[in-house]
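Numbered by the numbering used here, the letters in the sequence shown go through residues 110 to 257 in order.
As structure tokens, the structure follows; a few thoughts come after it.
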Amino acid sequence: MADDLRGAAEVLGSRLIVVTSQEFGGGDQLSRNVVVSQERLLAEVQGARPALHARIARHILAGARTHGLDSETLRARYQQLAESADFRPAPERQPMTDHEVRRFIKQELRTAPDLSCTRALRMLRDAGRACEQKRFKNLFREVASRVH
């Protein structure tokens, strides 16, 4: 894919914008076309880490009338935004197996039968444990259907 992008860069010049977390060295012809997608930019573009590249691209397009669509200008702009961002790294949490998550949910539902999925996930994360939101939701529904 990098070769295809390099070919596009030869034709399009600074009109080609590549949003990626991969930095290309200064000697690489793609380096001037890359807007580096950094976790620090979450403060600016909002949302979850898995959608960071797409959110940065949307942010670029939303600001196109004001800031233009020149890759070199955008690269510098987003580097400056990343450097000045109020960044708080994601907390270190302990991953859990499905069995452990089910056990946690069952215990919490016994204590508070009307507990919402969102609140239960917040409690789990506040306890320093990790579980992806969609996975937790599926496990919560499974356990809740058996407990209630």
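All C-beta atoms in this analysis are idealised placements derived from N, C-alpha and C, irrespective of residue type, glycine included.
Values in this document were obtained by computation on a predicted structure and should not be read as measured data.
- Between Leu161 and Ser140, the C-beta gap is not smaller than 7 Å, which leaves the two residues out of contact.
- Only exposed fits Arg255, as fewer than 16 other CB atoms lie within 10 angstroms of its CB.
- CA-to-CA, the gap between Glu148 and Pro200 works out to about 13 Å.
- Across the structure, Arg186 and Ala117 are spaced so that their CA atoms are roughly 22 Å apart.
- Distance from the CA atom of Ala194 to the CA atom of Arg219, rounded to whole angstroms, is 42 Å.
- If you draw a 10 Å sphere on the C-beta of Leu183, you find 16 or more other C-beta atoms in it, and that means buried.
- Looking at the DSSP output, Pro204 sits in a beta bridge with Ala239.
- Between Asp207 and Leu248 the beta-carbon gap is near 6 Å, inside 8 Å, which marks them as a contact.
- Boundaries for Arg124: no alpha helix (DSSP H) harbours it, and the DSSP string shows neither H nor E there.
- Here Val128 is buried. Its C-beta has 16 or more other C-beta atoms within 10 Å.
- Counting only runs of 3 or more residues that sit fully inside the stretch 122-203, the beta strand (DSSP E) segments are 127-129, 143-145, in chain order.
- When rounded, the separation of the alpha-carbon atoms in Arg158 and Arg250 is 25 Å.
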